[in-house]
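This note's numbering puts the first residue of the sequence shown at 814, with every later residue one more than the last. Here a beta-carbon is modelled for each residue, glycine too, at the ideal position from N, C-alpha and C.
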Amino acid sequence: MNDLTPGATGGCRTAPVLKQRGQREVFCGLTGIIWLHRKMQDAFFLVVGSRTCAHLLQSAAGVMIFAEPRFGTAILEEQDLAGMKDAHTELDREVARLLARRPDIRQLFLVGSCPSEVIKIDLARAAERLSQVHAPHVRVLNYSGSGIETTFTEGEDACLASMVPVLKDTAARELLLVGALPDVVEDQMLSLLGQMGIDNIRLLPARRIDDTTAVGPNTVFALTQPFLGETHAALERRGARHIAAPFPFGEEGTTLWLQAIATKFGVSADTFASVTDAPRARARKAILQASEGLRGKSVFFFPDSQLEIPLARFLTRECGMTAIEVGSPYIHDALHGPDLDLLPAGPQISEGQDVDLQLDRARAARPDLTVCSLGLANPLEAEGLTTKWAIELVFTPVHFYEQAGDLAGLFSRPVRRKSLLKLEAAE
Ligand code: SF4
């Protein structure tokens, strides 16, 4: 069994970080709408953007056949801005039409994008005005999914952070779990905590607006996703306190994440063991099987989803891989520190990106597996490198014990495929 003591392997928390600010290769924050609209069942995401934004959403989210979609794009053309007043009037009219047709919508997010026409519109003011018009049935908020400054997972962060100031106040001692997870995974998480006797739990985002999520000075919160830096800061501003822990990926990460919460709520060691022993054993077995092809192999992470540091910890400590470089768009000590403590010393830790320089480093290192954005994967495959699309890690259920084997499998499949192709070529 791995030594779960933080820093037992000489971690990377104090390792020098290579910081680069150059050209980046990432999706924009609108991508988060794809999983957020499935999670928040009475929300609608109205992107204020261009035809490019509409195409991105439609091709990434596909077409819903059985239900009306809960996202759309209000396309602004240059001429719409001839008078800014007209743009606001047009937006008000679109929103009124939408809400009249869709009484099921209880939360409306106006999502900003990056065309220069959109940047000129004050969406915060528009959201405030529309909230007054459509309250109390509909709450209107705004955030930016612009690709100029954000990576694709920051869309969720910006969305959740926009909700924090309007959450109800509570003085109760409660656990707030933050981050959008697939329902089946969320249910597993709640079941594990419930079996430990922790049931005073709220969720952000909740599935519906009426599942009141509240926050206050006695709230403690745990993040389920490592890309929620802005939400973390917004919750602390409301007086809530963060439970720092490695993220719940793999058997070890899940155990340490649960352990940090259990300690906070005074759960006894016996109760903790009785709840976690069986799923831990299942997870270890599943990882062992799924990671067979990964042992002794090297991995290189390009910065993309902000999941890179916890996943590097999982791959090195539970799947026997060696990390060459672990790049993350941002490194936030309060969020990523516990995972960095556990990540065995050795890899180059990098923050931000200058894509050409980083490609040179990857080419020189020739890793067995490169985790990168879709845009980089094809050219690297053409150069003979084996790649894994980072975006798949966000769209696939990978958290907690029951998904630990699948998580290892996501990395081992491309490696196995490459070995099979090599064999075929040799025959
Ligand atoms: S990068 Fe900008 S223009 Fe392109 S889809 Fe995203 S928000 Fe729209």
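- Residue L1107 holds the alpha-carbon nearest to the alpha-carbon of L1220 among E1196, A1175, L1107.
- Rounded to the nearest whole angstrom, the C-alpha separation of R942 and H901 is 10 Å.
- Inclusion of C841 in the 7 Å shell around the ligand SF4 follows from its C-beta lying nearer than that to a non-hydrogen atom of the ligand.
- Counting of Cβ neighbours within 10 angstroms places L1233 among the exposed residues, the total staying below 16.
- Apart from the 5 residues on each side of it in sequence, R1020 sits with its Cβ closer than 6 Å to the Cβ of Q854 in its chain, given in chain order.
- Counting only residues of its own chain and dropping the five nearest sequence neighbours on each side, V953 has a CB closer than 6 Å to the CB of L921, A940, L943, S944.
- When rounded, the separation of the alpha-carbon atoms in R938 and N955 is 9 Å.
- With respect to the 8 Å criterion, C825 and I1162 are classified as neighbours on the basis of their beta carbons.
- Scanning R915, A828, T865, H947 for the CA closest to the CA of D905 turns up H947.
- In the DSSP assignment, I1204 falls within the unbroken alpha helix (DSSP H) covering 1203-1208.
- Taking the Cα of R1229 as reference, the smallest distance to any Cα among A1047, K1201, V1028 is reached at K1201.
- DSSP places C972 outside any beta strand (DSSP E); the residue lies instead in the alpha helix (DSSP H), whose first and last residues are 967-976.
- By the Cβ criterion, the region 1010-1030 is in contact with the region 989-1001, since at least three pairs of Cβ atoms, one from each stretch, lie closer than 8 Å.
- By the neighbour-count criterion, in which 16 or more other beta carbons inside 10 Å mark a residue as buried, L1170 falls on the exposed side.
- Contact fails between the region 1073-1085 and the region 1133-1149, because fewer than three Cβ pairs, one in each stretch, are under 8 Å apart.
- Taking C-beta separations shorter than 8 Å and ignoring five residues to either side along the sequence, the partners of G823 in its chain run P1157, A1158, following chain order.
- Looking at the backbone, the Cα of G968 and that of G1140 are separated by about 19 Å.
- In this chain, the alpha helix (DSSP H) harbouring V997 covers 996-1008.
- The Cβ atoms of T886 and L870 sit closer than 8 Å to each other.
- By the Cβ-count criterion, A1195 is exposed, with fewer than 16 other Cβ atoms from all chains shown falling within 10 Å of its own Cβ.
- The C-alpha of E930 is placed about 14 Å away from the C-alpha of S957.
- Excluding five sequence positions before and after P1116, the CB atoms of its chain that fall closer than 6 Å to its own CB belong to G1140, S1141, P1142, Q1166, given in chain order.
- Rounded to the nearest whole angstrom, the C-alpha separation of S1104 and R914 is 50 Å.
- Relative to G1197, the option among D917, S1186, P1227 whose CA is nearest is P1227.
- Comparing C-alpha distances from G862 to each of C927, P829, K1098, Q836 shows the shortest one belongs to C927.
- Note: N1031 is not bridge-paired with any residue in the DSSP secondary-structure output.
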